[in-house]
Structure formats: structure tokens, C-alpha cells
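All remarks here apply to the structure that follows.
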Amino acid sequence: MTKRNNPITLPDFSKSTRVDKVGVEERVSRFQKRSIKGEAKLQGLKMALNMIDLTTLEGKDSPGKVRQMCFKAQHLHDVHPGLPTVAAVCVYPSMVGIAKKEVAGSGVKVASVSAAFPAGQAPIDVKIRDTRFAVDEGADEIDMVISRGKYLAGEYNFVFDEIATIKEASGNARLKVILETGELVTLDDVRRASDIAMYAGADFIKTSTGKIQPAATMQVTYTMLQAIRDFRLETGIKVGMKPAGGISSAKLALHNLVMVKEVLGNEWLTNDGFRFGASSLANDLLMQIMKVETGIYQSSDYFAID
Amino acid sequence: MERLEVLKTYKIYIGGKFPRTESGRYYQPMNGNGNALGNICLSSRKDVRNAVVAARKAFGDWSGRAAFNRGQILYRIAEMLEARRGQFMDELQQQGSTRAKAEKEVNAAIDRLIYYAGWCDKYVQVLGSVNPVASSHFNFSVHEPMGVVGIFADADTSLIGFVSMMAPVIAGGNTCVAVASENLPLCAVTFSEVLNSSDVPGGVVNILTGKQSELVKPLTTHMDVNAVAYSGSKEVFTEIQQDSVLNLKRVMHFEQDWSQSNAQNLYLIEHFQEVKTTWHPIEDIGGATSTY
Chain C
198 MTKRNNPITL PDFSKSTRVD KVGVEERVSR FQKRSIKGEA KLQGLKMALN
248 MIDLTTLEGK DSPGKVRQMC FKAQHLHDVH PGLPTVAAVC VYPSMVGIAK
298 KEVAGSGVKV ASVSAAFPAG QAPIDVKIRD TRFAVDEGAD EIDMVISRGK
348 YLAGEYNFVF DEIATIKEAS GNARLKVILE TGELVTLDDV RRASDIAMYA
398 GADFIKTSTG KIQPAATMQV TYTMLQAIRD FRLETGIKVG MKPAGGISSA
448 KLALHNLVMV KEVLGNEWLT NDGFRFGASS LANDLLMQIM KVETGIYQSS
498 DYFAID
Chain P
-2 MERLEVLKTY KIYIGGKFPR TESGRYYQPM NGNGNALGNI CLSSRKDVRN
48 AVVAARKAFG DWSGRAAFNR GQILYRIAEM LEARRGQFMD ELQQQGSTRA
98 KAEKEVNAAI DRLIYYAGWC DKYVQVLGSV NPVASSHFNF SVHEPMGVVG
148 IFADADTSLI GFVSMMAPVI AGGNTCVAVA SENLPLCAVT FSEVLNSSDV
198 PGGVVNILTG KQSELVKPLT THMDVNAVAY SGSKEVFTEI QQDSVLNLKR
248 VMHFEQDWSQ SNAQNLYLIE HFQEVKTTWH PIEDIGGATS TY
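Quick note, the sequences are listed as chains C and P, same order. Just so we're aligned: the first sequence equals residues 198 to 503 in the numbering used here. Just so we're aligned: the second sequence equals residues -2 to 289 in the numbering used here.
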């Protein structure tokens, strides 16, 4: 959350950088061919654990479910001492108060989805109230959705203003902007929406709600990482990245970390620069960590449900 | 111009797909005449890992199906095997069998599948029980599948041992990772093609080829494997027993001639079942004279 001191000139978003889809696919396939073994793998797995936003965003979420998840966030696998906690728990605004109480003192942040998540189909005053409610309940981070309908209709200014307004309503909370790339469809639009979000004040840009497929494909994440890199070069501001939805295996998580390192560098390899929005990923990482340490393939029967 | 023969690539079978081993290695088992049987995948521990993941994924659907449906599917496997009897007989002969013996073995394998197909929707009734208890409970025991079963198929036969060990496991609602006979692997590989065309959901049966000595450890130490069936030497079985302690796998050692007609029975299904007993509170039923 760098302070923006210098005046920034807004670019013409209709002229955002175009993305070479074939080139992206080619580059992304290479990130998946790195061989990471032994100690490096172990460090990578633990790093990924510490970058997770442990998430539950179901209509059926209950205080009990949220409490259970918050416990898991702080006690990933107590059988194995020395593991990190996850970065944050991510819940609906109505659950923020409960989550905040549960994770108090642990260093685990509470993120709340906002702005009429997941569809974003509500008037701006409702979205502002939604956000303020979450912040008042104690949310450290706000994950807002953009209005994809307006975006696809070409109303970039509307989308920009909306993000800036929510940023203001978020106060000191860190703002993550969900582009819902599965609805934007093309990589050109992913790039443009990323640019709009960052210039409008996003602290993080995030791929998806997890409700739409495809979600966080490596192609999309790569395109957004490039946008982050270019934004940094242009303005000096560091924006974080959060792929969410569809990253459920440790292997895919490691591929993502390789990609972050090679596109943005080590500075982004902490949970201030990179997050995974996931629920089932945590257990797969834990199982892989136990596999590396014991040499024995693990079973999900012996890991807490999340 | 002389025609070039198109040779078959022998692949393994994981999750309903036919990948090559992730290790990229192969071996060449020989028949009695010293001729190589083919380039057979030399599976690695990572293939075991992938196969167990596939078997676990398939377990919920397979065990949750109606028993009758599982029976139909086993019957369908037998039908498909019948249709390919010539191919299996050729492969058995290639591996050193005589024509007459080969025919007998294929017939026995088909009949064995039919036998277990029939048991699918009957074994729970026969094995299950209503138990007398001295309290106001209706107390009953039913058999449920154990989960993922590792199978090291009989080393001395190519088809009948493999089928005889696999069929009761899946008839009972389990999924399995089966390691083919090391020296006689052809029929197990071809059997995967039979499974693939028999309505068997991908992942219910996964078939690996390779060195038993290399695959025993990863499969028997695997925490997500619930039982192991082994046909072979006592020494290896002792090792399997020790490794299985990690998650208390059920282990079964078979030393029998699978080609015999009595090498099939209900208890081979029961070996891979867990008994669940339920105490259901009731009012007294049948008055004071009732035993349950």
C-alpha cells in the first residue's frame, strides 16, 4: 500500500496494451516445466501456504463453518510443528465480525468480499454500504467485484469511478479488485481491466470470484502479472496479484510461484505481493509437505476438512 | 512393396486413460523361447501416486452406485472379454501357453467375471446380519467397501490371476490399483482396453506394469490405500505387512492356483469389506420373547 505522491496521468484505456495469446500460452507452458525438488520444493510449499486466503463463500455459510475455517487458518496441521499460518480468511461481510474475533492476535487477516459479490449487479450506494459495513465489522481487506456488464459495454469510466469510490469507502483496508476474467473472455480485456483497476487505486488485482469457469488460468494470471509489472515501471507503485478459483494442487501453486518470480521478481514473493484464493489448496500443500518430509504418500483422511 | 507391421504400444491404464509411464522407461520381458514380448512400461512410484489419486477419485461414484448396476457392468466386462477371446488367446500363446491351455484360461476368466457379477447385489444380504442384543436396539451389521485396494497380481499367470484378484475387489464396490505380472504382463495391458469399453468408470481399475520390487514400497506405504492383495512369495508379503502398519491396511496373501474352478468364492469379496454395525434405538419389538 504505497502512498501515491506523484500525480499520475491516466492513460486512454481503450488503447491498453494488446496481448499476444499464442505467445502467452507458449510462455506459460514453460513455467510448468521447471523441476523443483527437495529443500527448494519444501520452501516453495510453505511459502504458498502462507499466501493462501482461506475462503468460504457459500450461501450456506454459517457462524460454525466460519469459526471452523478460522481455526484451520491458524492450526493448519498441528501434527507438524513450525508451519506458517495462511495469510487471511476470506468471507462474506455478514461473517466478518465472527471471523475477526476468531483470528484475533494470530496475524491472520480477515478479508471480506464486497460490492454486491459475486455479480456486482447493485447500485453504487448499496455497494458503498456493503463495503463500509465490512470495514466497520473489522475487515482488513476488501475483495470487490467490478461491474462486468458495464465493462463489456465499454463504459470504462463507470468501472474506473466505481473502483475509486469503493477504494475511498474501504479506508485503510487493502483493496483487492476482482475482474472476473471468465466473463471478460479475452486476454486483451483482462489486460485492460487490470489497467483500469490499478489506476483506480487497487492494492491487489484478483482474477475471479470462484463462481464462474474458467477462473484463474495461468494465461490470465500471466497477463495480469505483466500488467502489474508495466504499472510498476510506469508509476513506481507495487500492486499485488491474487489468482482465485481452480488452483487446488500444490504443483499448480508452485508453477504460479515460478511465474511470479520470473515476471515480477522476489519482491512479490510474500503475501504482501501475492495471494492464492483457495480452500482445497491448503490441504494439498500440507499433504505434499508431509510427503517431502516423510517420503510417504499421504491421504486426505488425516488432514482437517476445510 | 512389403507392408510394415504396425506394432502395439503397451501402455498403462490410469483414470480411464492410457498414458505412458511418467518415467519414460520400459523393460522387455522374455517368453520361454527367449523372445522379447514387447516394450512394456516400467512404471515408477509417481505412476503409483497418480493411479491412487485416480482410484480415490473414482471411489465415491463406484461405491455409491446401485449394486445391481455394478453387477451389470461386471457382466459387460465379461461380454467384452468374450468378444476379444482370440486376441487374449494369441497373447497367452505368445507368452508361452499352449493353445488348449490358453483357451481354458480365457474361458475361466470370463466365467469368473460372470460369477462375481452375480454376487454384486447379493453379498450384502448373505454376509450381513441382524444381531441379538440385550437392550432395546435393533442391531444390524452391513458390509461396506474398504476404499482403494492395491493388487499385486499373480506372477505365474497373465490373465486368470489378474482377473480373479481384481473382480471380487470391484464387485464389492472398491476401486483398485493393480500391478500386472512382471514377466507376463500382456493380458493385463490388453484387459485395460476391455475395461475401457465396458462402462467401467475411469479410475475404478487402474493397471500398472513394471518391477514388483520397485512398486511394492510406494503402494503399500501409501496412506490413501486401504488394503493390499498379494499373490507371491512370503518374504515380500512380510515386507508388505510391515509397511501396511502405517495406516493399518488390510493385507491379504494368496497362494492358490487361480485357474482352479474353486478359486472363486464369496469370502474373496468379504476380505475387502468393512463391517458397519448400527445400534438403532427402538421400543421393545415383539415383546419379551424377542431376541433382537
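Glycine included, each C-beta is placed from N, C-alpha and C at the ideal position.
Paired residues, beta bridge with residue i - DSSP
| i | result |
| --- | --- |
| C:Thr252 | C:Cys287 |
| C:Trp465 | Looking at the DSSP assignment, C:Trp465 forms no beta bridge with any residue, so it has no partner. |
| P:Leu205 | P:Val176 |
| P:Met249 | P:Ala226 |
| C:Ser497 | Answer by DSSP bridge pairing: none, since C:Ser497 is not bridged. |
| P:Glu88 | Paired residue(s): none; P:Glu88 is not in a bridge. |
| P:Lys300 | Residue numbering for chain P in the displayed model covers -2 to 289; residue 300 of chain P lies beyond these limits and cannot be assessed. |
| C:Lys324 | Note: C:Lys324 sits in no beta bridge, so no partner. |
| C:Lys306 | C:Ala285 |
| C:Arg371 | C:Glu338 |
| P:Pro142 | P:Gln270 |
N-terminal and C-terminal residue of the alpha helix (DSSP H) that residue i is part of
| i | result |
| --- | --- |
| P:Arg53 | 42 to 61 |
| C:Ser476 | Element bounds for C:Ser476: n/a, residue is neither H nor E. |
| C:Lys218 | 218 to 228 |
| P:Val186 | 183 to 193 |
| P:Val166 | 157 to 168 |
| C:Val387 | 384 to 397 |
| P:Asn171 | It is not in any alpha helix (DSSP H) - P:Asn171 carries neither H nor E in the DSSP assignment. |
| C:Asn453 | 447 to 460 |
| P:Asn104 | 96 to 116 |
Opening and closing residue of the beta strand (DSSP E) in which residue i lies
| i | result |
| --- | --- |
| C:Phe401 | 401 to 403 |
| C:Arg264 | Where C:Arg264 is concerned, there is no enclosing beta strand (DSSP E), although the alpha helix (DSSP H) it sits in stretches over 260 to 271. |
| P:Gln270 | 270 to 278 |
| C:Gly437 | 437 to 439 |
| P:Glu76 | That residue, P:Glu76, is in no beta strand (DSSP E); its alpha helix (DSSP H) goes 64 to 80. |
| P:Val121 | Unbroken run through P:Val121 is the alpha helix (DSSP H), 120 to 124; no beta strand (DSSP E). |
Which listed residue (the options) has its alpha carbon closest to that of residue i
| i | options | result |
| --- | --- | --- |
| P:Thr217 | P:Ala260, P:Gln238, P:Asp44, P:Ala97 | P:Gln238 |
| P:Ala33 | P:Leu181, P:Lys54, P:Glu232, P:Pro165 | P:Leu181 |
| C:Ile434 | C:Ala447, C:Ala399, C:Val374 | C:Ala399 |
| P:Arg82 | P:Lys98, P:Gln69, P:Ile70, P:Arg67 | P:Lys98 |
| C:Val219 | C:Tyr419, C:Met266, C:Ala447, C:Thr491 | C:Tyr419 |
| C:Leu239 | C:Arg227, C:Leu454, C:Lys262, C:Gly294 | C:Leu454 |
| C:Thr282 | C:Lys212, C:Gln495, C:Asn247, C:Thr491 | C:Asn247 |
| C:Val305 | C:Gln318, C:Ile360, C:Ala284 | C:Ala284 |
| C:Ser309 | C:Asp333, C:Met456, C:Gln265 | C:Asp333 |
| C:Val307 | C:Gly474, C:Leu483, C:Val489 | C:Gly474 |
| P:Leu4 | P:Ile37, P:Tyr112, P:Glu271 | P:Ile37 |
| C:Val216 | C:Arg389, C:Gly335, C:Glu236, C:Ile233 | C:Arg389 |
| C:Phe357 | C:Ala370, C:Gly368, C:Asn369, C:Val374 | C:Val374 |
| P:Ile70 | P:Asn262, P:Asn244, P:Gly199, P:Ile204 | P:Gly199 |
| C:Val225 | C:Lys212, C:Ala394, C:Asp503, C:Met421 | C:Met421 |
| C:Ser367 | C:Asn354, C:Lys347, C:Glu380, C:Ala336 | C:Ala336 |
| C:His274 | C:Gly492, C:Val489, C:Ala479, C:Ile493 | C:Ala479 |
Cutoff 6 Å; reference residue i; Cβ partners in own chain excluding five residues on either side
| i | result |
| --- | --- |
| C:Val417 | Thr378, Val387, Thr404 |
| C:Lys364 | Leu372, Gly398 |
| C:Ser311 | Asp327, Thr328, Ala331, Ile339, Met341 |
| C:Lys408 | Pro315 |
| P:Ala64 | Cys117, Asp118 |
| C:Glu223 | none |
| C:Met484 | Gln495 |
| C:Gly317 | Val342, Ser344 |
Own chain partners of residue i with C-beta closer than 8 Å, once the 5 adjacent residues on each side are dropped
| i | result |
| --- | --- |
| P:Ala285 | Unreliable positioning characterises P:Ala285 in this predicted model, as indicated by a pLDDT of 49, which lies under 50. The coordinate reading is nonetheless provided below. Same-chain partners within the cutoff: there are none. |
| P:Asp153 | Ser178, Leu181 |
| P:Ser41 | Thr18, Glu19, Ser20, Arg22, Gly207, Glu211 |
| P:Val225 | Val146, Gly147, Ile148, Phe149, Leu216, Thr217, Ile237, Ser241, Lys246, Arg247, Val248, Met249 |
Own chain partners of residue i with C-beta closer than 7 Å, once the 5 adjacent residues on each side are dropped
| i | result |
| --- | --- |
| P:Val201 | Ala55, Trp59, Ile167, Thr172 |
| P:Trp255 | Asp151, Thr154, Ile157, Gly158, Ser161 |
| C:Thr362 | Ile321, Ile325 |
| C:Val300 | Cys267, Ala270, Gln271, Val286, Val307 |
| P:Ile303 | With chain P running from -2 to 289 in the structure shown, residue 303 of chain P is simply not present. |
| C:Arg264 | Ile295, Glu299 |
Distance cut-off 8 Å: residue i Cβ against heavy atoms of the ligand MN
| i | result |
| --- | --- |
| C:Leu273 | Summarising the ligand content, the structure contains no ligands, and the ligand MN is consequently not present. |
- prompt: What residues in the segment 241 to 272 of chain P bring their beta carbon closer than 8 Å to a beta carbon of chain C?
  reply: Residues of the segment 241 to 272 of chain P with a C-beta less than 8 Å from any C-beta of chain C: Leu243, Asn244, listed in chain order.
query: What residues in the segment 23 to 34 of chain P have a beta carbon less than 9 Å from any beta carbon of chain C?
result: none
field: chain C contacts from the segment 203 to 237 of chain P (Cβ-Cβ distance under 7 Å)
entry: Result list: Pro215, Thr218, His219, Met220, Asp221.
- prompt: Of the residues that make up the segment 466 to 496 of chain C, which ones have a beta carbon closer than 7 Å to any beta carbon in chain P?
  reply: Answer in chain order: Ile493, Tyr494, Gln495, Ser496.
task: Return the residues of the segment 10 to 24 of chain P that lie within a Cβ-Cβ distance of less than 8 Å from chain C, sorted by chain order.
output: Within the segment 10 to 24 of chain P, no residue has a Cβ lying closer than 8 Å to any Cβ of chain C.
- prompt: For the segment 95 to 126 of chain P, which residues have a CB atom closer than 9 Å to at least one CB atom of chain C, in sequence order?
  reply: none
message: Can you pull out the residues from the segment 126 to 147 of chain P whose beta carbon lies closer than 8 Å to at least one beta carbon of chain C?
response: none
- request: Quick one: which residues of the segment 170 to 204 of chain P get their C-beta closer than 9 Å to a C-beta of chain C? List them in chain order.
  value: none
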